[in-house]
Amino acid sequence: MDRSLHPLPQTGDLDLDQVFREAHAVVDAVATRPGDVDSVIRSVFGSADPGGHALADAGGARGRARSTPQGELIDGQTSQDLATEVDGLRRRLSSTGHDARASRARGAGRIDLTRPLPMRVASLGPEAIATRGDGVIRSRLLDAAERLMVEDGWNGVQVPRVAAILGVGLQLVHHYFPTLDDLFVALLKRKVRQWVQAQADALESPRPLTALWEFNRGRAQLVAEFATLAMHRTAIHEEVTIRLRFLPEAQSRLMPGLLARRDLSPTLAAEIVALLQRALVMSESEEEDQLLAEAVSTLRQLETVPEARKPGSEPVVPHISLSATSITMGHDPVEHGRTSRDQ
Amino acid sequence: MRRSPEEAGFEDLVRSEWEQLTRTGKRYALYRGLPPDAGADIVAEALERVWKKEWSTLCLTDSSRQLATIYRYMQYVAQEYARGTKWFSPIAPDQLPQAVHHDRDPTDRLAAADLLTDVAAAMRELSERERMVLELAAIAGLTNAEIAEQTGMSRTHVSTVLSRARARLKNTLRERAQHRCDGTPLPRQDETGQADREGGA
Numbered sequence: 001m002d003r004s005l006h007p008l009p010q011t012g013d014l015d016l017d018q019v020f021r022e023a024h025a026v027v028d029a030v031a032t033r034p035g036d037v038d039s040v041i042r043s044v045f046g047s048a049d050p051g052g053h054a055l056a057d058a059g060g061a062r063g064r065a066r067s068t069p070q071g072e073l074i075d076g077q078t079s080q081d082l083a084t085e086v087d088g089l090r091r092r093l094s095s096t097g098h099d100a101r102a103s104r105a106r107g108a109g110r111i112d113l114t115r116p117l118p119m120r121v122a123s124l125g126p127e128a129i130a131t132r133g134d135g136v137i138r139s140r141l142l143d144a145a146e147r148l149m150v151e152d153g154w155n156g157v158q159v160p161r162v163a164a165i166l167g168v169g170l171q172l173v174h175h176y177f178p179t180l181d182d183l184f185v186a187l188l189k190r191k192v193r194q195w196v197q198a199q200a201d202a203l204e205s206p207r208p209l210t211a212l213w214e215f216n217r218g219r220a221q222l223v224a225e226f227a228t229l230a231m232h233r234t235a236i237h238e239e240v241t242i243r244l245r246f247l248p249e250a251q252s253r254l255m256p257g258l259l260a261r262r263d264l265s266p267t268l269a270a271e272i273v274a275l276l277q278r279a280l281v282m283s284e285s286e287e288e289d290q291l292l293a294e295a296v297s298t299l300r301q302l303e304t305v306p307e308a309r310k311p312g313s314e315p316v317v318p319h320i321s322l323s324a325t326s327i328t329m330g331h332d333p334v335e336h337g338r339t340s341r342d343q
Numbered sequence: 344m345r346r347s348p349e350e351a352g353f354e355d356l357v358r359s360e361w362e363q364l365t366r367t368g369k370r371y372a373l374y375r376g377l378p379p380d381a382g383a384d385i386v387a388e389a390l391e392r393v394w395k396k397e398w399s400t401l402c403l404t405d406s407s408r409q410l411a412t413i414y415r416y417m418q419y420v421a422q423e424y425a426r427g428t429k430w431f432s433p434i435a436p437d438q439l440p441q442a443v444h445h446d447r448d449p450t451d452r453l454a455a456a457d458l459l460t461d462v463a464a465a466m467r468e469l470s471e472r473e474r475m476v477l478e479l480a481a482i483a484g485l486t487n488a489e490i491a492e493q494t495g496m497s498r499t500h501v502s503t504v505l506s507r508a509r510a511r512l513k514n515t516l517r518e519r520a521q522h523r524c525d526g527t528p529l530p531r532q533d534e535t536g537q538a539d540r541e542g543g544a
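So the protein lines, in turn, are chains A and B.
Under our numbering, the first sequence has 164 at position 164, and the numbering climbs by one with no breaks.
Under our numbering, the second sequence has 534 at position 191, and the numbering climbs by one with no breaks.
Put into structure tokens, the structure is as follows:
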């Protein structure tokens, strides 16, 4: 053999990486029969189920758990189905003007937890009366929770964050609300109490339908959050649904009498109430846009009648846009709650 | 036929990495002195074992870890094949193609065959553990952290074993180079490598 042809250097340092590079090049250049990926995969899948060995080794529960196909939920609903369902729900919420998720995505109004929030008892407003006897601390905790819910959604309401907003310890929050569910329920109770009061005020106002409409717009976001909450936290599902249903019932009880005073037929009033309710968040119909436009026009039509009869009064121009798409409910979500921080 | 998510993930991985897998299988085979076609068998066997034994949990991890596991199984399989076959065959020069990319003499098939024979022989001198770590690093291209994860050794131990293996390999290669150059006798070696001693019947 001609020794000069030998690839390895006889003297000096040996670069092992270089040796491997050359050897790899030699190996890679060797011709082999082409591998068939299809037949390999077929033979692999035909060999056995995954976890078959584990089943034989461990037996029992572990093997059974492993043999459950990944991505399949217990009730047979695949994650794909769930995703589409969630998508549909999200679209429905956004079509009814629930814009909290979008505003969250934009990062608008995010709470800076590092900065202590100046929260004054004086700013509590009418709900101090609503929560009479419950104590100031409790009501401030609920304020913080409500603000988190408005700004970050129901998912943003967490005990540590509530405590951080007020600058208190977790223990204080837990003293008043042993579980997060308790906090949610207390918040809901308080909001419903406020809403009932606000609704009564709206119905007493000179323009009840517009006031009612504004009232419903103002609370739409929180209602949506509570509705979503009821789906996610089964423990308080009952509580939430019952209380959310209370308000429309009270409304439909009060409406006919009020409207009768204004020479409107109760059937028409019932119709507009139904339309209002359906156009709002709780609706499950696919034609929300159409319903919304219908509701608004009926509203204007109804309200113009009594006002126009008064001699000398200026024509009513409800400050509601007719275009259904431009109506964004919940754009001013804390309208009936406590004032927001930037005020 | 609808595939389960596990099957889909496995098939996607194999299809996307098929080139790399076959190339690595061929390297495992040839450095072990197995015939070149054994590479495809190594790949198929290793894939089957990974699918049976590991995939139910492995499918939840990232693809680099999945690949690393496949390479480890290929290393096992190549080792078993080499134990089962008692012969050690350096690759015949006529199996090599005409033009081998080679710095010193691109056209010399003998030189290429010699290089491969030398490297394969030098690797046989390593201990089982050294050889495994060196193959995973140099052939499969795993990082030290991945080797540590796959073999259950600590990273520092992997680093130690790898550097020792490289030093021993270098030493052996230099001895063989001198032997070819001026006929210096090789140090007395066993006829068979440690892999054969441990596993060969």
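C-beta atoms are modelled at their ideal positions from N, C-alpha and C, and glycine is treated no differently.
In this structure B/Arg370 is in contact with B/Ile482, their Cβ atoms being roughly 5 Å apart against a cut-off of 8 Å. In this structure, the straight-line span from the alpha carbon of B/Thr400 to that of B/Arg408 is close to 11 Å. Within chain B, the residues Ala481 have their CB atoms less than 7 Å from the CB of A/Phe20, given in chain order. For B/Lys369, the enclosing alpha helix (DSSP H) stretches over residues Trp361 to Tyr374.
Its chain contains Leu141, Ala144, Ala145, Leu148 and Val173 as the residues whose beta carbon lies nearer than 7 Å to that of A/Val162, once the 5 sequence neighbours on both sides are disregarded; these appear in chain order.
Distance between B/Thr527 and B/Asp461, taken at the CA atoms: about 15 Å. At the C-beta level, B/Gly376 and B/Ala425 come within 8 Å of one another.
With contacts defined as CB atoms closer than 8 Å, A/Arg138 and A/Val192 fail to qualify as a contacting pair. Under the three-state reduction of DSSP, A/Leu172 is assigned to helix.
Distances from the CA of B/Pro379 to each of A/Leu170, A/Arg42 and A/Thr32 were compared; the closest alpha carbon is that of A/Thr32. A/Arg193 is outside the set of residues whose beta carbon lies under 8 Å from a beta carbon in chain B. With contacts defined by Cβ atoms closer than 8 Å, B/Arg517 and B/Leu529 do not form a contacting pair. For B/Arg509, the uninterrupted alpha helix (DSSP H) segment begins and ends at Arg498 to Asp525. In terms of beta-carbon proximity, B/Pro379 lines the interface with chain A, with at least one pair separated by less than 8 Å.
Between A/Ala198 and A/Phe226, the gap from beta carbon to beta carbon reaches 8 Å or more.
Selection B/Met475, B/Asp384, B/Val357 and B/Gln418 evaluated against B/Trp394 yields B/Val357 as nearest (Cα-Cα). Taking 8 Å as the threshold, the shortest C-beta distance from B/Arg474 to chain A does not fall below it.
The C-beta separation of B/Leu485 from B/Tyr374 comes to about 16 Å, leaving the pair out of contact by the 8 Å criterion. The contact set of A/Ser43 on chain B, defined by CB atoms closer than 8 Å, consists of Ala387 and Glu391 in chain order. Straight-line spacing of the CA atoms in B/Arg392 and A/Ser43 works out to 12 Å.
In the DSSP assignment, A/Trp195 falls within the alpha helix (DSSP H) that extends over Leu180 to Glu204. Residue state for A/Thr228 is assigned as helix, using DSSP reduced to three classes. Around the beta carbon of A/Glu238, fewer than 16 other beta carbons lie within 10 angstroms, which makes this residue exposed.
B/Glu362 is classed as exposed because its beta carbon has fewer than 16 other beta carbons within 10 Å across all chains shown. When the five nearest sequence neighbours on each side are left out, the beta carbons in the same chain lying within less than 8 Å of the beta carbon of A/Ala211 are those of Asp201, Ala202, Leu203 and Ser205, in order along the chain.
Membership of A/Arg138 in the alpha helix (DSSP H) is indicated by the continuous run Val136 to Asp152.
For B/Ile490, the secondary structure class from DSSP, reduced to helix, strand or coil, is helix. At a C-beta separation below 9 Å, B/Thr365 has these neighbours in chain A: Thr32, Pro34, Gly35 and Val37. Distance from the CA atom of B/Ala508 to the CA atom of B/Glu388, rounded to whole angstroms, is 27 Å.
If you check the CB distance, B/Leu469 and B/Arg511 come in under 8 Å. Across the set B/Arg366, B/Glu354, B/Leu477 and B/Gly382, the C-alpha of B/Gly382 shows the shortest separation from the C-alpha of B/Ala372. For B/Arg370, the neighbours in chain A by C-beta distance under 7 Å run, in chain order, His24 and Val27.
By the neighbour-count definition (other C-beta atoms within 10 Å, threshold 16), B/Met475 is a buried residue. Nearest Cα to B/Ala464 within the set B/Lys513, B/Asp525 and B/Glu354: B/Lys513. Inclusion of B/Glu349 and B/Trp398 in the CB contact set at 8 Å is warranted, their separation being smaller than that value.
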